[in-house]
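Working notes for the structure below.
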Amino acid sequence: MKFIVLSDVQDKPVFKGMEIDYKVSPLLGIPMKWKTVISQVEDYKSFTDFQKKGPYKHWNHFHEFIPNENGVLMKDTVDYELPMGILGKIAHQLFVKEKLKSIFDFRYRVLNDLFNQKHN
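The opening residue of the sequence shown carries number 1 in this note's numbering; numbering runs sequentially from there.
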């Protein structure tokens, strides 16, 4: 999706009301703006972002951090709906569902590699 964060959020704490702007190319490489707003934060436990403007009719993404014996499990719960009624449902089945899965699979691999490196 050529997901690019436009807002300067690096090294800044997440807070309720924080707005984050992105540029994404969800369809045929056509760039569009996406804005999310942090609607809920529980420090070191969870936060939620929802789409204020962007490609979805509805997007609500709950990020949860669950301590366990191996460290911390990062769990995502995403509730979303595409626009355009039946056409959106068809697009979901044809490519959006798989695209979202590949995005979260990629993030899993990156985080797993970053945090589970073996040190000698």
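Ideal Cβ placement from N, Cα and C applies to all residues, glycine included.
Problem set entry | 8 angstroms contact criterion, which K23 and K33 should meet: CB distance rounded | 6 angstroms
For this session: Would you mind sorting V96 into buried or exposed? The rule is 16 or more other CB atoms within 10 Å of its CB.
Result: buried
For this session: Give the range of the alpha helix (DSSP H) segment to which F106 is assigned.
Result: K97 to F115
Exercise. Quick one: what does DSSP say K89 is sitting in, helix, strand or coil?
Worked result: helix
Exercise. To which residues of the same chain is A91 closer than 7 angstroms at the C-beta, ignoring the five residues directly before and after it?
Worked result: L82
Exercise. How would you write the range of the beta strand (DSSP E) that D49 sits in, first residue to last?
Worked result: S46 to K53
Problem set entry | Secondary structure of L73, DSSP reduced to three states | strand
For this session: Just mark F47 as buried or exposed, buried being the case when its beta carbon has 16 or more other beta carbons within 10 Å.
Result: buried
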